[in-house]
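Residue numbers (my numbering): 2 to 552. Where a beta carbon is used, it is the ideal one built from N, C-alpha and C, also for glycine. The structure presented is a predicted model; accordingly, all values stated were derived computationally and were not measured.
What follows is the structure, given as structure tokens:
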């Protein structure tokens, strides 16, 4: 894959989209704009969002939303997962297939409302006046396609009934549009593997990463919202394979010594002696594998491939395997909503690759990817929680757990929930109905949300693999640095060292772990306690020291 072309495109597309969305925002907010007349409530929503977020962050959010959707639609077009090309032309054509069909009178009524269909036909026939009828019609077709994909992938295609639609870029049909340039780099060859989406995201945020890194040199600490930009790295595929094959693959081969899985694992290092201290697995549906810093999902998508081979070997129906893997085996945890959406999308595309378009859209299983959110409760709301859950469930452990996620996007997977069985507590609380009281309903929903996040962070995994975030203490914001000192005093020098200790806690006894980390812990005295922890309390089964180019 030629990542240099992807990088050049993603960085240029970001600047173009920021400029176009910014121009559209200025146009929409004019006192005399048509949007104010036709969609006053949406414009009001836009103004409130801008007041809350700030103009720059709002533009950034909308620009990325459209970049993300356009890339996802292109990937699905190329692989035949959309009925017709939404951003791609049919063979021998130059315009997007969905627009070409509409111009010939064919519009999918399962994707566009009757009102929109009439609008599209009126624009294309000339009965509805417009300065750029084709562009306006095409925008409506894209919105309809995104809304139709909402049910299957709500994290990527939220229903577009708000200012995101108002701020969609105008230039989508010219030869120099973002879509035209995207098609040039997202070729059928580069879209053979969904990892192309992860590369595009890393390159899209690379300039933001450079900004934050430059700030570090001026002693500007990394805020919680900037942690993803400065810590996310796309893991090279051979390293992903090495980590997954020597954790998940290793666990399976310990349980099935005669398995043919080893033929799929080029980077597997077999034990030199027979072992007895491992988790006993009776079937593949039991295995839970987690990536607590999932990023765009590269670890889990390769784990999907390996699990598919395991299920096949066990004689499962090929049409059932993808759903079983998504439902039972793979778990991702992430602080970056954008990356979490990409991880879910990547897993969905692995399913679509195996099942084909029709079966994929009929499958009910959804990816187990948890995006951590900051959730707080006031003292009065804690009183509401007590009345919601009842005195038997309202324990000191539950109360503390509900307060542990106030800085979830700052502390991430390093949070250790105090409550020992959040899943059962969540089940009991979720079953209660407070629909008659709007205030209690909102507090109830937040309490369940915290417990669901706590469930992901509970020790239940047979395998944990990760390329954890790297950040030295000098770059940490004050809250994060103090929290690490209080909760991980022996390994507070860097986020990656705290993650190593934390991930051993997420894993069941005798479980398997795989990490890509800087190798400073092997040589530098400030990591001596981490070295002792690994060597004296855990078991190393293989270790590779990367060259610097590995990073």
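query, result
"How big is the Cα-Cα spacing for residue 63 and residue 276?", "53 Å"
"Using CA atoms only, rank isn't needed, just tell me which of 226, 308, 301 and 132 is closest to residue 265.", "308"
"Could you have a look at residue 322 and say whether DSSP puts it in helix, strand or coil?", "helix"
"Counting only runs of 4+ residues fully inside the segment 362–396, write out the alpha helix (DSSP H) ranges in chain order.", "380–390"
"Roughly how many angstroms separate the alpha carbons of residue 110 and residue 138, rounded to a whole number?", "15 Å"
"Would residue 159 and residue 144 qualify as a contact pair, given that the criterion is a beta-carbon distance under 8 Å?", "no"
"Any heavy atom of the ligand NAD within a distance shorter than 7 Å of the CB on residue 529?", "As for the ligand NAD, it is missing from this structure, which has no ligand bound."
"Considering residue 1, what are the terminal residues of the beta strand (DSSP E) in which it resides?", "Here the chain covers residues 2 to 552 and nothing more, so residue 1 does not appear."
"Measure from the alpha carbon of residue 183 to the alpha carbon of each residue in 79, 150, 106 and 152, then state which is nearest.", "79"
"Under 7 Å Cβ to Cβ from residue 311, same chain only, skipping five residues before and after it: list those, please.", "253, 262 and 285"
"If we count the other Cβ atoms within 10 Å of its Cβ and call it buried at 16 or more, is residue 493 buried or exposed?", "buried"
"Per DSSP, which one or two residues make a beta bridge with residue 90?", "97"
"Please specify which runs of the alpha helix (DSSP H), each continuous and at least 4 residues long, are wholly inside the segment 528–552, giving them in chain order.", "529–533"
"Nearest CA to the CA of residue 233: which residue from 485, 472 and 510?", "472"
"When the cut-off is 8 Å and only beta carbons count, does residue 376 lie next to chain D?", "Among the chains in the structure shown there is no chain D, since it carries only a single protein chain."
"Quick check on DSSP: helix, strand or coil for residue 331?", "strand"
"Grouping DSSP H, G and I as helix and E and B as strand, with all else coil, what is residue 211?", "helix"
"In this structure, what does DSSP give as the bridge partners for residue 499?", "DSSP output for residue 499 lists no bridge partner at all."
"Give the DSSP-derived three-state secondary structure of residue 462 in the structure shown.", "strand"
"Ordered along the chain, which non-local residues of its own chain (more than five positions away) have a Cβ less than 6 Å from that of residue 8?", "204"
"Does the distance from the CB of residue 186 to the CB of residue 71 come in under 8 Å?", "no"
"Find the nearest neighbour of residue 188 within the set 549, 282, 95 and 89, judged by alpha-carbon distance.", "89"
"One question on the structure: do residue 295 and residue 357 come within less than 8 Å of each other, judged by their Cβ atoms?", "no"
"Find out if the Cβ-Cβ distance for the pair residue 429, residue 458 is shorter than 8 Å.", "no"
"Give the list of continuous alpha helix (DSSP H) stretches no shorter than 4 residues that lie fully inside the segment 117–173.", "134–149 and 164–167"
"Answer yes or no: do residue 43 and residue 164 have a C-beta to C-beta separation smaller than 8 Å?", "yes"
"What residues match up with residue 290 in a beta bridge as DSSP calls it?", "331 and 464"
"Could you give the residue range of the alpha helix (DSSP H) that holds residue 23?", "4–29"
"Are the Cβ atoms of residue 199 and residue 299 separated by less than 8 Å?", "yes"
"When DSSP builds the beta bridges, which residues end up paired with residue 477?", "223"
"Measuring alpha carbon to alpha carbon, tell me which residue in 103, 230 and 6 is nearest residue 339.", "230"
"Within 10 angstroms of the Cβ of residue 238, are there 16 or more other Cβ atoms? Answer buried if so, exposed if not.", "exposed"
"Thinking C-beta only, is residue 108 closer than 8 Å to residue 120?", "no"
"Just to confirm before moving on: does the CB-CB distance between residue 157 and residue 45 stay below 8 Å?", "no"
"Return helix, strand or coil for residue 432, following the three-state DSSP convention.", "coil"
"My output table needs one value for residue 450: the three-state DSSP class, helix, strand or coil.", "helix"
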